[in-house]
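One structure below.
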Amino acid sequence: MKKWLILLVLLIVAAGLIFWLMGREDAGEPETPETPQEPEETEVPEEVLTAAPFTGMQGDGPYDSRAVMAVINNHPAARPQTGLVEADMVFEIIAEYNITRFLALYQSQFPVNIGPVRSARDYFVELADAYDAFFVTHGYSPEAKRLLDSGVVDQINGMQYDGTLFKRSLDRVAPHNSYITYENVELAMEMTGASTNYSMKAPYAFSVPGSNDKLGEQAASIEVTYGGDPLFASTYTYDAGSQLYARASGGVATADKETSQPIEVANVLVIETAHETIDAKGRQEIDLTSGGQALLFREGTVQESTWRTESGMLVPVGKNGIAELTQGKTWIHIIPESPGIGQAVQYSP
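Last residue of the sequence shown? That's 488 in the numbering used here, and every number before it is there in order.
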């Protein structure tokens with residue numbers, strides 16, 4: 140009986156030991172909490188531009204193509220030009236002495252043909268850089284060549300591609316006959332590895348025509364002159380029906396060579412800034428950073444204003460900040476501060 144009792148006690152102790160060990164096994168290492176899963180990344184859609192950044196126009200977007208800026212010849216032997224009708228903005232600037240040249244900016248529309256293309260100045264290159272534009276030119280001043288060689292802008296130059304990407308027309312003589320198609324501009328962007336996407340933010344503000352009844356003094360007729368040569372005098376006549384200014388140069392309506400479509404713009408901006416003749420060929424050094432006096436013509440009126448740069452881009456400034464442009468195309472005259480706006484610009488109701 141004693142033996143059975145001892146055996147029973149031993150069995151109970153053994154069972155307790157087994158259960159205790161099993162409990163220890165279950166306790167073991169503390170459970171590692173599950174690693175929280177990272178939330179899946181969701182693609183944030185890029186902002187779709189429903190308004191053209193340099194005209195404010197809506198309806199034909201998205202406006203996601205990179206801007207192209209081309210130097211266009213304005214010598215009387217190069218008129219009428221091709222492709223200016225499609226330009227969102229045209230900058231008219233002295234190239235030498237009182238001879239002006241155009242820098243045409245394309246972003247919302249692109250022409251089939253562009254030209255005659257002419258040589259660059261350093262301030263053309265600086266503007267192309269500021270507007271993040273693919274730059275098209277045929278030739279260069281020494282200052283412009285240094286900038287282009289430094290790679291400051293993506294570009295194509297007729298000096299290297301004359302007869303290939305650039306073609307010579309037979310009805311004009313050099314240097315007034317170099318043209319490039321937009322198809323070849325796209326090919327040049329591919330060849331140079333340049334981005335084709337619009338990737339910056341334009342600082343311009345726009346309003347629809349007629350949205351402001353108190354724009355300024357009436358100014359339906361405008362004349363902008365560069366020196367005394369009437370061939371480089373630009374005139375603008377406002378049409379209340381279309382709410383656009385028809386442009387003429389040297390007394391002849393500015394129109395497209397291939398389509399005869401007239402140049403009509405919604406805004407004419409005139410800015411004055413320091414110019415200095417730097418060589419015997421009359422080339423200029425032009426200050427495009429310091430700001431100064433300006434006149435803004437829109438909807439048949441004139442607003443006295445100033446101008447400044449926003450990330451290198453030229454903008455009109457009013458009492459409350461950047462002045463609104465009327466939706467549409469803009470022609471920008473850059474004139475010397477001597478003699479200045481007072482003598483270079485005339486307007487009447």
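Cβ atoms here follow ideal geometry from the backbone N, Cα and C, with glycine treated the same way.
Computed from a predicted model, the values in this text were never measured in an experiment.
Contact belief for P491 with N316 at Cβ below 8 angstroms, rounded distance in angstroms
No answer is possible for residue 491: it lies beyond the span of the chain, which begins at 140 and ends at 488.
Here's the rule I'm using: 16 or more other beta-carbon atoms within 10 Å means buried, otherwise exposed. How should V374 be labelled?
Locating residue 374 in the sequence shown gives position 235, where the first residue counts as 1. With the sequence shown as reference, residue 374 is identified as Thr, and Val is not the correct amino acid for it. The residue in question, T374, is buried, as its Cβ has 16 or more Cβ neighbours within 10 Å.
What whole-angstrom Cβ distance do G460 and Q442 have, given they're in contact under 8 angstroms?
Taking the first residue of the sequence shown as 1, we reach residue 460 at position 321. Taking the first residue of the sequence shown as 1, we reach residue 442 at position 303. The pair is not a contact, with the Cβ atoms about 13 angstroms apart (cut-off 8 angstroms).
Quick one: which unbroken beta strand (DSSP E) runs of 3-plus residues sit fully inside the segment 361 to 424? Chain order, please.
373 to 378, 383 to 388, 406 to 412 and 414 to 416
Select from E325, W470 and R205 the residue whose C-alpha is nearest the C-alpha of T393.
On the sequence shown, position 254 is the one that residue 393 refers to. It is W470.
Relative to the C-alpha of V484, which candidate in Y343, A234 and V407 has its C-alpha closest?
Counted from its first residue, the sequence shown places residue 484 at position 345. Selected option, being the one with the closest Cα: V407.
Do you know whose CA, among V324, G431 and E403, lies nearest A379's CA?
Here residue 379 is taken as the residue at index 240 of the sequence shown, counted from 1. Ranking V324, G431 and E403 by Cα distance to A379 puts E403 first.
Just to confirm the assignment, what range does the beta strand (DSSP E) spanning E443 have?
Locating residue 443 in the sequence shown gives position 304, where the first residue counts as 1. Annotation for E443: the continuous beta strand (DSSP E) segment containing it runs T440 to E449.
Take I474 and list the residues in its own chain whose beta-carbon comes closer than 6 angstroms to its own, dropping the five residues that flank it on each side.
Against the sequence shown, residue 474 aligns to sequence position 335. The answer, listed in chain order, is E411 and A483.
Assuming T189 contacts S346 (C-beta within less than 8 angstroms), just tell me the rounded distance between them.
The sequence position of residue 189 within the sequence shown is 50, counting from 1. The sequence position of residue 346 within the sequence shown is 207, counting from 1. No, T189 and S346 are not in contact; Cβ-Cβ is about 16 angstroms, not under 8 angstroms.
Close beta carbons around T331, own chain, < 8 angstroms, minus the five adjacent residues each side
The residue labelled residue 331 in the question sits at position 192 within the sequence shown. Cβ within range, chain order: D293, Q294 and I295.
Start-to-end residues for the beta strand (DSSP E) that takes in M208:
Translated into the one-based positions of the sequence shown, residue 208 becomes position 69. M208: member of the beta strand (DSSP E) spanning V207 to I211, first to last residue.
Run through DSSP, which three-state label would R285 get?
Counted from its first residue, the sequence shown places residue 285 at position 146. If DSSP states are grouped into helix, strand and coil, R285 belongs with the helices.
Taking the CB atoms as reference points, tell me whether I211 and F241 lie closer together than 8 angstroms.
Here the question's residue 211 lines up with position 72 in the sequence shown. Here the question's residue 241 lines up with position 102 in the sequence shown. Cβ atoms of I211 and F241: closer than 8 angstroms.
My output table needs one value for G195: the three-state DSSP class, helix, strand or coil.
The residue you call residue 195 lines up with position 56 of the sequence shown. Here G195 sits in coil by DSSP.
At the level of alpha carbons, what is the spacing between K284 and F305?
Indexing the sequence shown from 1 puts residue 284 at position 145. Indexing the sequence shown from 1 puts residue 305 at position 166. The straight-line gap from Cα to Cα measures roughly 19 angstroms.
Could you have a look at A344 and say whether DSSP puts it in helix, strand or coil?
If you number the sequence shown from 1, residue 344 lands on position 205. Here A344 sits in strand by DSSP.
Can you confirm whether the segment 204 to 220 touches the segment 261 to 274 when touching is taken to mean that 3 or more C-beta pairs between the two stretches lie within less than 8 angstroms?
yes
Classify V324 as buried or exposed, calling it buried when 16 or more other Cβ atoms lie within 10 Å of its own Cβ.
On the sequence shown, position 185 is the one that residue 324 refers to. Answer is buried; the Cβ neighbour count reaches 16.
Just confirm the distance between the C-beta atoms of Q359 and P455, as a whole number of angstroms; I'd bet it's less than 8 angstroms.
If you number the sequence shown from 1, residue 359 lands on position 220. If you number the sequence shown from 1, residue 455 lands on position 316. Looking at the sequence itself, residue 359 is Ala, so the reference to Gln does not match. Taking C-beta atoms under 8 angstroms as the contact rule, A359 and P455 fail to qualify, at a distance of about 19 angstroms.
Residue range of the unbroken alpha helix (DSSP H) whose run includes Y236:
Sequence index remark: in the sequence shown, residue 236 carries index 97 (1-based). Note, Y236: premise wrong, no alpha helix (DSSP H); not H, not E.
If distances are taken between C-alpha atoms only, which option among P281, G349, A372 and I238 comes closest to E362?
As a working mapping, residue 362 is identified with position 223 in the sequence shown. With distances taken between Cα atoms, E362 lies closest to A372.
Spatial neighbours of D192 within its chain, please: C-beta separation below 6 angstroms, excluding the five flanking residues on both sides.
For the purposes of this step, residue 192 is identified with residue 53 of the sequence shown, where counting begins at 1. Sequence inspection shows Pro at residue 192; the Asp mentioned does not correspond to that position. Taken in chain order, the residues that qualify are A341.
Beta-carbon proximity list for G451, same chain, < 6 angstroms, skipping 5 on both sides:
Translated into positions along the sequence shown, residue 451 becomes position 312. So the list reads A269, once near-sequence residues are dropped.
Neighbourhood of A217 by C-beta, 6 angstroms cutoff - its chain only, sequence neighbours within 5 removed
Sequence index remark: in the sequence shown, residue 217 carries index 78 (1-based). So the list reads P255 and H315, once near-sequence residues are dropped.
From which residue to which residue does the alpha helix (DSSP H) around A267 run?
The residue given as residue 267 occupies position 128 in the sequence shown. First-last of the alpha helix (DSSP H) with A267: D261 to A269.
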